[in-house]
Amino acid sequence: DELVKRFAEEMEEMLGRKMKAVKRLAEAAEDADLDHEYNETLEFDYYNSMLINTVDEDGNPVPLGGEFTLEENEHFNKLPVNIQQSNIQVPTNVYNRDPDILNGVYMSEALNDVFADNFQEDPTLTWQYFGSSTGFFRLYPGIQWTPDENGVVTFDCRNRNWYIQAATSPKDVVIVVDVSGSMKGLRLTIAKHTINTILDTLGENDFVNIIAYSDYVRYVEPCFQGTLVQADLDNREHFKLLVEQLHVKGEGKVKKAMKESFRILNEATALGQGSLCNQAIMLITDGAMEDFQDVFQEFNWPERRVRVFTYLIGREMTFAENVKWIACNNKGYYTHVSTLADVQENVMEYLHVLSRPMVINHDHDIIWTEAYMDSVLFNTQAQSLLLMTSVAMPVFSKKRETLSHGILLGVVGTDVALRELMRVATRYKYKEGKKLKPKPNYNSVDLSEVEWEDSEEKLRTAMVKGETGNLSLDVKTSVDKGRRVMFLKNDYYYTVINETPFSLGIVLSQGYGQYIFIGNVSVEEGLHDLLAPDLTIANEWTYCETDIDPAHRKLSQLQAVEQYLTGKEPDLECDMQLLQQTLFDAVVTAPMEAYWNALMLNVSSMDEGIETAFLGTRSGLIRFLRYAGIEKRIGKSFLTSTDKENMFTLDHFPVWYRRAAEYPAGKFLYYMPRQDTRGRRTYLYLVYAHPQNKTNKQILRNTIYDGVFSFFFLQCSPNMCGSLEGGQGINVGRYCQRSNTVCLFVCSCFLRVSLFDYQAMCKMNSHSVSSARPLLSVSSVHKKKGDILQPCDTEYPSFVYEPSVKETNSIIKCGRCQKMFVVQQIPESNLLMLVVQADCDCSKHVQENHTMLLLLLLDPAVHNSSVKCDRMKSQKVRRRPESCHSYHAQVSILPHHDTSKNTLFNPPCLY
Numbered sequence: 001d002e003l004v005k006r007f008a009e010e011m012e013e014m015l016g017r018k019m020k021a022v023k024r025l026a027e028a029a030e031d032a033d034l035d036h037e038y039n040e041t042l043e044f045d046y047y048n049s050m051l052i053n054t055v056d057e058d059g060n061p062v063p064l065g066g067e068f069t070l071e072e073n074e075h076f077n078k079l080p081v082n083i084q085q086s087n088i089q090v091p092t093n094v095y096n097r098d099p100d101i102l103n104g105v106y107m108s109e110a111l112n113d114v115f116a117d118n119f120q121e122d123p124t125l126t127w128q129y130f131g132s133s134t135g136f137f138r139l140y141p142g143i144q145w146t147p148d149e150n151g152v153v154t155f156d157c158r159n160r161n162w163y164i165q166a167a168t169s170p171k172d173v174v175i176v177v178d179v180s181g182s183m184k185g186l187r188l189t190i191a192k193h194t195i196n197t198i199l200d201t202l203g204e205n206d207f208v209n210i211i212a213y214s215d216y217v218r219y220v221e222p223c224f225q226g227t228l229v230q231a232d233l234d235n236r237e238h239f240k241l242l243v244e245q246l247h248v249k250g251e252g253k254v255k256k257a258m259k260e261s262f263r264i265l266n267e268a269t270a271l272g273q274g275s276l277c278n279q280a281i282m283l284i285t286d287g288a289m290e291d292f293q294d295v296f297q298e299f300n301w302p303e304r305r306v307r308v309f310t311y312l313i314g315r316e317m318t319f320a321e322n323v324k325w326i327a328c329n330n331k332g333y334y335t336h337v338s339t340l341a342d343v344q345e346n347v348m349e350y351l352h353v354l355s356r357p358m359v360i361n362h363d364h365d366i367i368w369t370e371a372y373m374d375s376v377l378f379n380t381q382a383q384s385l386l387l388m389t390s391v392a393m394p395v396f397s398k399k400r401e402t403l404s405h406g407i408l409l410g411v412v413g414t415d416v417a418l419r420e421l422m423r424v425a426t427r428y429k430y431k432e433g434k435k436l437k438p439k440p441n442y443n444s445v446d447l448s449e450v451e452w453e454d455s456e457e458k459l460r461t462a463m464v465k466g467e468t469g470n471l472s473l474d475v476k477t478s479v480d481k482g483r484r485v486m487f488l489k490n491d492y493y494y495t496v497i498n499e500t501p502f503s504l505g506i507v508l509s510q511g512y513g514q515y516i517f518i519g520n521v522s523v524e525e526g527l528h529d530l531l532a533p534d535l536t537i538a539n540e541w542t543y544c545e546t547d548i549d550p551a552h553r554k555l556s557q558l559q560a561v562e563q564y565l566t567g568k569e570p571d572l573e574c575d576m577q578l579l580q581q582t583l584f585d586a587v588v589t590a591p592m593e594a595y596w597n598a599l600m601l602n603v604s605s606m607d608e609g610i611e612t613a614f615l616g617t618r619s620g621l622i623r624f625l626r627y628a629g630i631e632k633r634i635g636k637s638f639l640t641s642t643d644k645e646n647m648f649t650l651d652h653f654p655v656w657y658r659r660a661a662e663y664p665a666g667k668f669l670y671y672m673p674r675q676d677t678r679g680r681r682t683y684l685y686l687v688y689a690h691p692q693n694k695t696n697k698q699i700l701r702n703t704i705y706d707g708v709f710s711f712f713f714l715q716c717s718p719n720m721c722g723s724l725e726g727g728q729g730i731n732v733g734r735y736c737q738r739s740n741t742v743c744l745f746v747c748s749c750f751l752r753v754s755l756f757d758y759q760a761m762c763k764m765n766s767h768s769v770s771s772a773r774p775l776l777s778v779s780s781v782h783k784k785k786g787d788i789l790q791p792c793d794t795e796y797p798s799f800v801y802e803p804s805v806k807e808t809n810s811i812i813k814c815g816r817c818q819k820m821f822v823v824q825q826i827p828e829s830n831l832l833m834l835v836v837q838a839d840c841d842c843s844k845h846v847q848e849n850h851t852m853l854l855l856l857l858l859d860p861a862v863h864n865s866s867v868k869c870d871r872m873k874s875q876k877v878r879r880r881p882e883s884c885h886s887y888h889a890q891v892s893i894l895p896h897h898d899t900s901k902n903t904l905f906n907p908p909c910l911y
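Under UniProt numbering, the first residue of the sequence shown is numbered 1, with each subsequent residue one higher.
Okay, here's the thing in structure tokens:
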């Protein structure tokens with residue numbers, strides 16, 4: 001309890017610094033706009049991130065280009081950046097010299113000094129930015145923006161979740177699209193693009209559904225009939241796939257569609273579902289001929305609680321007055337969309353309308369986005385595959401003459417990589433729980449998909465509600481990329497992170513790891529042993545903070561520790577408890593180096609095939625000695641920087657360390673890593689968990705876990721195929737395939753354990769037809785031609801050795817002969833010896849008679865038909881935004897002389 005509270009307080013302080021930086025940006029932007037006088041003829045050259053450092057045929061800088069210094073920076077993923085100033089990105093579909101763009105860019109130049117001051121005050125800040133309501137994006141530090149292969153930049157900051165959530169309050173949206181016969185051709189194409197653009201303006205706090213109408217009303221997704229679904233990324237992408245399948249037919253009758261839309265919204269409100277804030281209907285049509293006034297009188301007047309926005313598609317203006325009347329008499333906005341190029345800017349208008357109550361009231365709500373995986377933000381590697389959250393704040397016009405108009409200038413924000421939060425929760429103080437596996441197009445993963453043993457969702461509900469407490473669960477967790485299973489008793493401790501919408505949870509497995517053993521050694525003695533050539537420490541851990549001072553960012557953690565302990569860099573901030581533990585471990589394990597060297601020199605005592613000896617401690621320290629050169633080693637990458645699985649990293653301990661730590665102390669653990677076994681050569685890990693001291697049972701058991709790492713060539717003799725690994729889990733399929741001993745696994749030696757993965761990606765044939773449509777299209781993740789990866793729920797088997805079975809035997813019948821085998825446990829290990837009679841060839845019979853059994857055993861994941869309908873539309877307990885801005889007294893119907901359908905409004909109803 002104390003640990004999780006302390007971590008939460010440190011995270012609150014860290015996140016608080018980010019919020020203060022964003023507030024300073026918002027204040028500076030509003031003051032700059034107040035001092036700026038709009039100039040229709042303004043000429044101003046700015047640094048366009050697409051054009052910087054670009055020259056024309058004569059070698060002269062192109063307009064809006066110019067020399068812009070870029071230098072690689074460790075803090076920004078080694079990207080070339082300019083930390084002295086920001087620059088501007090403008091989407092290709094927005095004119096970069098439009099007067100609105102030039103005035104906004106000129107006004108926001110004042111943010112450059114604030115960006116730099118923020119970064120100097122808090123060197124852990126990453127990207128800071130201002131997204132303008134006109135479409136430009138000011139980013140600090142400045143970078144070179146890379147277009148796609150067609151030279152196009154489609155990135156529009158106004159479609160980003162941080163912008164959407166900061167600019168508007170949560171909303172329920174029903175999109176109603178006309179698919180009558182008159183909508184054929186280009187009109188349908190424009191309508192589909194309009195729907196997709198509206199979907200892009202929705203975020204995690206919004207709810208949506210789509211209705212198509214002609215002679216009759218139908219939902220584009222029958223699964224979602226009569227309800228609203230959360231507008232998370234996978235649901236939005238699912239809708240986009242279905243919208244592409246729309247076709248036109250019949251006569252357009254909008255009246256029934258509007259009634260159905262109001263019914264959905266009213267039921268959501270009555271049941272306490274949806275956003276419980278703004279509600280809107282988006283009508284996309286090429287005309288409305290029916291008399292539909294009675295629909296609004298029945299469902300929406302006089303309160304006009306539901307806004308109606310209308311989009312007239314095509315060049316024909318015959319029904320413009322009717323479509324405009326619908327919007328103007330329901331507190332909405334009317335736009336005419338005649339070409340594909342008109343879509344983006346016209347759709348954005350509805351956001352300005354919905355934001356007016358908040359803007360007029362000047363409610364500066366700070367928002368935090370959900371954790372999301374952003375791999376395409378700049379089409380560079382700026383945010384490549386980083387799990388992050390963003391904090392943002394709206395920027396308003398404070399000018400008196402426009403104060404009542406509610407003008408939103410844009411949104412300011414900054415990103416916070418979750419790696420930075422994990423650095424606060426010092427890794428050596430706890431054991432890892434299950435892993436989040438963000439996938440392409442997945443912006444977040446629900447806790448219930450990770451801790452699936454919490455069937456009653458007690459943990460999830462408590463954390464969503466911001467409660468403080470703890471509970472215990474019996475869990476099954478996989479290691480070694482899902483090939484092995486461990487049975488754990490986990491204690492979960494959770495609390496809220498104040499001033500944010502987040503909660504923090506920490507998992508502690510019962511058993512080892514509850515205590516830290518720290519001895520006293522001198523700095524000189526510890527540093528001498530720490531700098532030995534056969535020793536490394538976890539470079540992703542924070543022994544010393546190297547991100548505060550730019551001069552320290554090129555230091556590795558071991559270099560930083562050395563600089564601090566020798567007094568060369570006394571200003572470094574270091575974790576003294578972790579340093580003390582690391583120095584102690586270095587001294588205590590130093591004799592192993594002499595022991596290993598003695599073995600190497602005594603050739604007669606060395607077993608053939610041993611390649612590397614190693615040990616690890618919970619302080620992140622690894623000692624190792626190579627017994628074979630790189631050219632002779634099979635495991636060439638083992639204990640190198642590329643072998644993340646077997647190193648201490650920010651989010652996990654090495655797989656060999658974790659397996660040994662959970663294994664009974666004093667016994668040897670063998671396991672075969674995932675590998676390329678070409679040439680029939682393979683290897684085993686041999687890991688030994690340091691036995692516990694009986695006099696200090698609970699404390700010393702949790703100190704040092706070391707082991708010896710060995711490689712063996714497994715060459716079968718005529719009567720023996722090899723040893724089988726049992727213990728905590730086994731890939732029986734691989735052994736089956738090699739030994740053709742199928743019936744071995746029918747016996748009672750192994751127990752089948754089912755594991756579930758609700759974050760899986762499965763191969764789907766792109767040409768197959770399924771009633772379960774794919775949730776999203778991941779076009780960038782190809783495996784084979786015709787196969788793409790799709791999100792899916794999976795159940796896959798793992799086989800665990802039953803230790804009570806010391807020995808067993810059986811017979812395999814192979815046509816005219818039979819083969820006997822014996823399986824026997826090897827004492828003090830997790831190995832089984834298998835002896836097989838060799839004078840009976842069963843290979844043909846195995847292939848012919850046991851194909852189905854082998855398929856069942858070898859299939860790594862038996863998956864179902866993607867994510868079920870009820871999972872997609874389920875509305876779990878969630879933490880809602882604290883504020884809702886859906887009404888302001890000054891936001892009302894514009895005065896006009898006639899409310900009949902024949903009245904024209906100019907402008908088209910600004911509320």
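Glycine residues also receive a C-beta, built at the ideal position from the N, C-alpha and C atoms. These numbers come from a predicted model, not from an experiment.
Suppose you measure from the CA of residue i to the CA of residue j; what does that come to, to the nearest Å?
i: residue 525; j: residue 128; result: 45 Å
i: residue 34; j: residue 399; result: 6 Å
i: residue 167; j: residue 360; result: 13 Å
i: residue 406; j: residue 396; result: 8 Å
i: residue 38; j: residue 578; result: 57 Å
i: residue 552; j: residue 568; result: 12 Å
i: residue 328; j: residue 308; result: 8 Å
i: residue 140; j: residue 42; result: 24 Å
i: residue 554; j: residue 592; result: 31 Å
i: residue 19; j: residue 499; result: 10 Å
i: residue 94; j: residue 539; result: 44 Å
Using a 10 Å radius around the Cβ and a threshold of 16 neighbouring Cβ atoms, would you call residue i buried or exposed?
i: residue 222; result: exposed
i: residue 225; result: exposed
i: residue 632; result: exposed
i: residue 487; result: exposed
Can you tell me where the alpha helix (DSSP H) with residue i in it begins and where it stops?
i: residue 264; result: 254–270
i: residue 235; result: 233–243
i: residue 104; result: 99–108
i: residue 350; result: 343–360
i: residue 555; result: Taken as a continuous stretch (DSSP letters only), residue 555 belongs to no alpha helix (DSSP H), as it is neither H nor E.
i: residue 190; result: 186–200
i: residue 128; result: Taken as a continuous stretch (DSSP letters only), residue 128 belongs to no alpha helix (DSSP H), being part of the beta strand (DSSP E) at 128–132.
Following the continuous beta strand (DSSP E) through residue i, name the residue where it begins and the one where it ends.
i: residue 212; result: 207–213
Could you please give me the residues that DSSP links to residue i through a beta bridge?
i: residue 542; result: In the DSSP output, where bridge partners are listed per residue, residue 542 has none listed.
i: residue 336; result: 312
i: residue 510; result: Per DSSP, none; premise fails for residue 510.
i: residue 812; result: 819
i: residue 230; result: 207
i: residue 71; result: 81
i: residue 530; result: The partner list for residue 530 (beta bridge, DSSP) is empty, contrary to what the question assumes.
i: residue 916; result: This structure gives no information on residue 916, because the portion of the chain shown stretches from 1 to 911.
i: residue 48; result: 88
i: residue 61; result: 55
*Could I get the ranges of all uninterrupted alpha helix (DSSP H) runs contained in the stretch 276–322, with 4 residues as the minimum, in chain order?*
293–299
_Going residue by residue through the stretch 603–643, where are the continuous beta strand (DSSP E) segments of at least 3 residues, counting only ones entirely within it?_
612–617 and 622–626
*Residue ranges of each alpha helix (DSSP H) run of no fewer than 4 residues wholly in the stretch 643–674, ordered along the chain?*
655–662
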